[in-house]
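Engineer: Handing you a structure now.
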Amino acid sequence: MKKQLIAAATTLGILATGFSSQASAHELTYKVNSGDTLWKISTSNQLTVQELMQYNNLTSSSIYVGQELSLLAPHTHEIEPQMSTTIYTIKSGDSLSLIAKNYNTTVNELKSINNLTSDMIYVGQVLKVPNGTTTPEAKGSTTYTVKSGDSLWRIATNNNLTVTQLKSYNNLTTDSIYVGQVLQLTAKSITNPDVKPSLNVDALITEAKKYMGVPYVWGGTTPSGFDCSGYLNYVYNSQGVTIPRTVESIWSSASPVSTPQIGDLVFFTTYAPGASHAGIYIGDNKFIHAGSSTGVTITDMNNSYWKPRYLGAKSIK
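In case it helps, mature numbering (1 follows the signal peptide of the UniProt record, and there is no 0) puts the sequence shown at residues -25 to -1, 1 to 292.
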């Protein structure tokens, strides 16, 4: 961060003098540390990998600890102030024409500011794009499905959000995400389950039992495969009740009850401290849930595995 601030201050100083000469390459350099990559260094300094390689006459991505890399183009002739840009990471299905359209620019302009000699791009490639005109992942979309290689930082940046906002919208307490996870891109008020007196408990249990035997799939949210919270979301949503996506978030938002009633949720601690598994109470000390080794099944809460792991019950009716 300190290097970025220095770089920003240097650039502003150059522009403020009114078309002054650009600094020589040795006046703004970076010394390679253990664990560094060209992508990491270029992203941290608002460059593309291609620019960093060009500035340092590199023919491959290999670098070594202690190597000094120039963060400025090595020429010293007078230049005009550059347009404000931001970083965009290529995703599957992208093309230069699509990116240019989304950022209100032209293919030629994109190629110019990224020193591209052809229209070929690849997934994961980092491009500079004009700042201030970016569009969300899909126009008008309020959700995003996590893909391989994604991170909260990348998703937030591509959708004009901060990581803090993205975590808040999705009730996330860590930076961990998984492929297939659906994230909210806008603030969404969760319906208070206490004001849902119209929930038909019999219909809820009937719906829940329809999926007996459906296999457990990590991140699954459909009848082709459920994880425990994906199953709860699917069943309750079918009855017009919206609940958070994760067990931890459901536990935090629902109302505690001393004794579970049919239709309430029962919570357990399994692979992690706190609420990490949940199911729907169906009476007679039994609950229906998507177990990691059983799929959707009905289980006695008093059995030797679940009884010592029981945390409590909460109502969302």
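No residue lacks a Cβ here, since even glycine has one placed at the ideal position from N, Cα and C. If you're wondering where the values come from, they're calculated on a predicted model, not measured in any experiment.
Rounded to the nearest angstrom, what separates L140 and W128 at their Cα positions?
Structural biologist: Note that residue 140 is Gln in the sequence shown here, rather than Leu. Answer to the nearest angstrom: the Cα atoms are 11 Å apart.
Engineer: Terminal residues of the continuous beta strand (DSSP E) containing T272?
Structural biologist: Here the beta strand (DSSP E) through T272 covers G270 to D275.
Engineer: Among the residues of its own chain, which have a CB less than 7 Å from the CB of I88, if the five just before and after it don't count?
Structural biologist: Hits under 7 Å: T60 and K103.
Engineer: Between the alpha carbons of V98 and N260, how many angstroms are there, rounded?
Structural biologist: Computed Cα separation, rounded: 51 Å.
Engineer: According to DSSP, simplified to helix, strand and coil, what is residue 301?
Structural biologist: A question about residue 301 goes unanswered here, because the residues of the chain that appear run from -25 up to 292.
Engineer: Three or more beta-carbon pairs under 8 Å between the region 202 to 216 and the region 261 to 275, yes or no?
Structural biologist: Contact between the region 202 to 216 and the region 261 to 275 is present, because at least three Cβ pairs lie under 8 Å.
Engineer: Is DSSP giving residue 294 helix, strand or coil here?
Structural biologist: The question about residue 294 has no answer here: the residues shown for the chain are numbered -25 through 292.
Engineer: Comparing C-alpha positions only, which one of V210, S72 and F242 sits nearest to S224?
Structural biologist: Closest option to S224, Cα to Cα, is F242.
Engineer: So, is M187 buried or exposed, given that buried needs 16 or more other C-beta atoms within 10 angstroms?
Structural biologist: Classification for M187: exposed.
Engineer: What three-state label does DSSP hand I257 in the structure shown?
Structural biologist: Reduced to three states, the DSSP call for I257 is strand.
Engineer: Can you tell me which of L240, G270 and Q159 puts its alpha carbon nearest to the alpha carbon of G258?
Structural biologist: Taking only the C-alpha atoms, the option nearest G258 is L240.
Engineer: At the level of alpha carbons, what is the spacing between E26 and L46?
Structural biologist: Near 9 Å, if we compare the C-alpha coordinates of L46 and E26.
Engineer: Using the C-alpha atoms, what's the distance from V154 back to I130?
Structural biologist: So the two alpha carbons sit approximately 13 Å from each other.
Engineer: Using alpha carbons as the reference points, say which of S213, K6 and I62 lies closest to T132.
Structural biologist: Checked all of S213, K6 and I62; the closest Cα to T132 is I62.
Engineer: Could you give the distance in angstroms between the alpha-carbon of V192 and the alpha-carbon of S199?
Structural biologist: Taking the straight line joining both Cα atoms gives about 8 Å.
Engineer: Beta-carbon separation of I291 and Y211 under 8 Å?
Structural biologist: Result yes, Cβ atoms of I291 and Y211 sit closer than 8 Å.
Engineer: Cα separation between residue 309 and V222?
Structural biologist: Since the first and last residues shown for the chain are -25 and 292, residue 309 lies out of range.
Engineer: With a CB to CB cut of under 7 Å and the five nearest residues on each side skipped, what residues in its chain are close to T244?
Structural biologist: Same-chain partners within the cutoff: A250, S251, R284 and L286.
Engineer: Figure out for me which residue from K289, Y246, V189 and K184 has the closest Cα to the Cα of S233.
Structural biologist: The shortest C-alpha separation from S233 is found at K289.
Engineer: What do you get for P231, buried or exposed, if any count of 16 or more other CB atoms within 10 angstroms of its CB means buried?
Structural biologist: By the 10 Å Cβ count, P231 comes out exposed.
Engineer: Measure the C-alpha to C-alpha separation of N20 and L13 and round it to an integer number of angstroms.
Structural biologist: Rounded to the nearest angstrom, the two C-alpha atoms are 11 Å apart.
Engineer: Please list the segments of the beta strand (DSSP E) lying wholly inside the region 5 to 63, counting only runs of 3 or more residues, in order along the chain.
Structural biologist: Listed in chain order, the complete beta strand (DSSP E) runs (minimum 3 residues) inside the region 5 to 63 are 43 to 45.
Engineer: Using 10 angstroms around the beta-carbon of H1, count the other beta-carbons present and answer buried if the total reaches 16, otherwise exposed.
Structural biologist: Unreliable positioning characterises H1 in this predicted model, as indicated by a pLDDT of 39, which lies under 50. The coordinate reading is nonetheless provided below. H1 is exposed by the Cβ-count criterion.
Engineer: Return the CA-CA distance between N278 and T269, expressed in angstroms with no decimal places.
Structural biologist: If you take the alpha carbons of N278 and T269, they lie about 15 Å apart.
Engineer: Looking at the structure shown, is I291 part of a helix, part of a strand, or coil, going by DSSP?
Structural biologist: I291: coil per DSSP, three-state reduction.
Engineer: Using the rule of at least 16 other Cβ atoms within 10 Å of the residue's Cβ for burial, across every protein chain shown, is Q236 buried or exposed?
Structural biologist: The residue in question, Q236, is exposed, as its Cβ has fewer than 16 Cβ neighbours within 10 Å.
Engineer: Compute the distance between the beta-carbons of Q159 and N145, then report whether it is under 8 Å.
Structural biologist: Closer than 8 Å, so yes.
Engineer: What did DSSP end up calling T81 once you bin it into helix, strand or coil?
Structural biologist: Coil, per DSSP.
Engineer: Cα separation between I218 and A229?
Structural biologist: Their backbone Cα atoms lie some 9 Å apart in a straight line.
Engineer: Enumerate in chain order the residues of its own chain whose CB-to-CB distance from residue 302 is below 7 Å, with the five nearest sequence positions on each side excluded.
Structural biologist: Because the chain is modelled from -25 through 292, residue 302 falls outside the range shown and cannot be assessed.
Engineer: Can you round the beta-carbon distance between V101 and V189 to whole angstroms, since I take them to be within the 8 Å contact cut?
Structural biologist: That pair is no contact at about 40 Å.
Engineer: What is the rounded straight-line gap between the Cα of S17 and the Cα of T23?
Structural biologist: The straight-line gap from Cα to Cα measures roughly 5 Å.
Engineer: Any idea if Y78 is buried or exposed, counting beta-carbon neighbours within 10 angstroms, 16 or more meaning buried?
Structural biologist: Y78 is buried by the Cβ-count criterion.
Engineer: Between N134 and S151, what straight-line distance do the alpha-carbon atoms span, to the nearest angstrom?
Structural biologist: Approximately 18 Å, taken between the alpha carbons.
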